[in-house]
Amino acid sequence: MDRTRRTFLSTAVGVAAAAGLGATSASATEVRRRRRIPPSGIGMHLYTMRTPLATDFRGTLERLAEIGYATVGVSGRHGHSAADIRRMLDETRLRAVLEHVGYDIVKGAGLPQALEDIHTLGGKWIVVPSLPGSLHSPAGYREVAEEFNRVGLAARESGLKLLYHNHGTDHQVVYGVSLYDILLSETDPELVGFELDLYWAANGGASAPGELFVRHPRRFPALHVKDMAPNGDFADVGSGVLDFPAMFDTARQGGVKQWLVEHDAPADPFASALASYTYLSRLRY
């Protein structure tokens, strides 16, 4: 929760108590704490499951559905076509909401096919997962912002929306300028959104996600919910040090629709998937 909101709530509770309305305020606080992630919004980013997917794609999807996941973000097809994956998703009653597509593909001749494939998968967002290191400068990110606006227009005309997925280096300050802020400020909100990776935002020293949601409303339809161990390593969601309830307090303002679990290096992908789902499905904030 951001400092202004915390101060406001603290003051409001004090005033209510002084007026003999403490019970009403406590009730309002309890209502707020009963907010939950809608079951249809808890998904798995399939990069987490890349090892079992490589040998049994359908079986992996089936086990995710049995755990309770409703949606997936596609990242790597493991030799399957978009139509093959859609068939397996339909069979397991999962829904793809997005696919990660390389920057070189979306800015080049491969964009029309990529957009068609996302329609085939049943998704609504085409996501650029990272940028070439050669572009990691203010000038490079301004070039990217211009390219994203162009690609975003093509995506909108196709009935989809372009998102960008961040890593830690995206939050660097170079020559006094935040690279991520360039993308936020120089892309058209109607054409370009963001899939915010909460681990990398924290790792990169960015503004708290809750603050980003307030400063840039409705620009973050999808999240990568990834936790951080005390030593900075990846962790199952809910087992690390990131304060997800505080991050999610303003998620509605940020436009969040999908909470996609991700763990970059799980020792046991299915155990990690179960632990992360259990935490998110029980979370109240």
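Here the numbering used here is used: the first residue of the sequence shown is 76, the next is one more, and so on.
We put the beta carbon where it would ideally sit given N, CA and C, even for glycine.
With H, G and I counted as helix, E and B as strand and the rest as coil, what does DSSP make of Ile112? Residue numbering aside, residue 112 sits at position 37 when the sequence shown is read from its first letter. Ile112 falls in the coil class under three-state DSSP.
Any idea if Asp165 is buried or exposed, counting beta-carbon neighbours within 10 angstroms, 16 or more meaning buried? One-based indexing of the sequence shown puts residue 165 at position 90. With fewer than 16 other Cβ atoms within 10 Å, it is exposed.
Whole-angstrom distance between Ser351 and Asp302, CA atom to CA atom: Position 227 of the sequence shown, counting from 1, holds the residue named residue 302. Position 276 of the sequence shown, counting from 1, holds the residue named residue 351. Going from the Cα of Asp302 to the Cα of Ser351 covers about 9 Å.
Name the residue from Leu298, Ser156, Glu265 whose alpha carbon lies nearest to the alpha carbon of Leu273. Taking the first residue of the sequence shown as 1, we reach residue 273 at position 198. By alpha-carbon distance to Leu273, the top candidate from Leu298, Ser156, Glu265 is Leu298.
In whole angstroms, give me the CA-to-CA distance for Ile193 and Val331. Reading the sequence shown from its first residue, position 118 is the one you call residue 193. Reading the sequence shown from its first residue, position 256 is the one you call residue 331. Going by the C-alpha atoms only, they are around 20 Å apart.
Pick from His240, Leu173, Val248 that is closest to Pro204, judged by C-alpha positions: Within the sequence shown, residue 204 is the residue found at index 129, counting from 1. Pro204 has its Cα closest to that of His240, out of His240, Leu173, Val248.
Residues in the same chain with beta-carbon distance under 7 Å from Arg217, minus the five sequence neighbours each way, listed in chain order, please. Taking the sequence shown and counting its residues from 1, the one referred to as residue 217 is at position 142. Here the set comprises Ile257, Glu261.
Use the C-beta contact count for Ser150: other C-beta atoms within 10 angstroms, 16 or more gives buried, fewer gives exposed. Here residue 150 corresponds to residue number 75 of the sequence shown, with the count starting at 1. Ser150 should be labelled buried.
CA-CA distance, Gly280 and Arg162? One-based indexing of the sequence shown puts residue 280 at position 205. One-based indexing of the sequence shown puts residue 162 at position 87. Answer to the nearest angstrom: the Cα atoms are 41 Å apart.
Burial state of Tyr250, where buried means 16 or more other Cβ atoms lie within 10 Å: Working through the sequence shown from its first residue, we reach residue 250 at position 175. The residue is exposed, with fewer than 16 neighbouring Cβ atoms inside 10 Å.
Taking the straight line between their C-alpha atoms, what separation do you get for Leu259 and Arg138? Taking the first residue of the sequence shown as position 1, residue 259 is located at position 184. Taking the first residue of the sequence shown as position 1, residue 138 is located at position 63. Separation of Leu259 and Arg138 (C-alpha to C-alpha, rounded to the nearest whole angstrom) is 37 Å.
Residue ranges of each beta strand (DSSP E) within the region 276-350, 3 or longer: 297-300, 333-336
Name the DSSP beta bridge partners of Lys236, please? Locating residue 236 in the sequence shown gives position 161, counting from the first residue. DSSP lists Trp200 as partners of Lys236.
Confirm, please, whether the CB-CB distance from Leu210 to Pro219 is below 7 Å. Locating residue 219 in the sequence shown gives position 144, where the first residue counts as 1. Locating residue 210 in the sequence shown gives position 135, where the first residue counts as 1. It is worth fixing the name first, because residue 219 is Val in this sequence and not Pro. Yes. Within cutoff.
Tell me which residue opens and which closes the beta strand (DSSP E) that Thr244 is part of. As a working mapping, residue 244 is identified with position 169 in the sequence shown. Run containing Thr244: none; DSSP gives neither H nor E here.
For Glu191, three-class secondary structure by DSSP: In the sequence shown, counting from the first residue as 1, residue 191 sits at position 116. Here Glu191 sits in helix by DSSP.
Please identify the residue among Leu186, Ala304, Lys182, Trp200 whose C-alpha is closest to the C-alpha of Ser314. Position 239 of the sequence shown, counting from 1, holds the residue named residue 314. Ranked by Cα distance from Ser314, the options Leu186, Ala304, Lys182, Trp200 are led by Ala304.
Coil, strand or helix - Leu96 by DSSP: Counting from one through the sequence shown, the residue named residue 96 turns up at place 21. Below a pLDDT of 50, predicted positions are generally treated as unreliable, and Leu96, at 36, falls in that range; no measurement from the model is reported.
Proximal residues to Phe223 (C-beta, below 8 Å), its chain only, five neighbours per side dropped: As a working mapping, residue 223 is identified with position 148 in the sequence shown. Hits under 8 Å: Val203, Leu237, Tyr239, Leu258, Thr262, Leu266, Val267.
Using only the alpha-carbon positions, how far apart do Thr130 and Asp339 sit? Indexing the sequence shown from 1 puts residue 130 at position 55. Indexing the sequence shown from 1 puts residue 339 at position 264. About 18 Å.
Cβ of Tyr144 within 7 Å of Cβ of Met119? Within the sequence shown, numbered from 1, the residue matching residue 144 stands at position 69. Within the sequence shown, numbered from 1, the residue matching residue 119 stands at position 44. In contact: Tyr144 and Met119 (Cβ atoms closer than 7 Å).
Would you tell me roughly how many angstroms separate the C-alpha atoms of Ala229 and Glu191, rounded to the nearest one? On the sequence shown, residue 229 is found 154 positions in, with the first residue counted as 1. On the sequence shown, residue 191 is found 116 positions in, with the first residue counted as 1. Looking at the two C-alpha atoms, the distance is approximately 12 Å.
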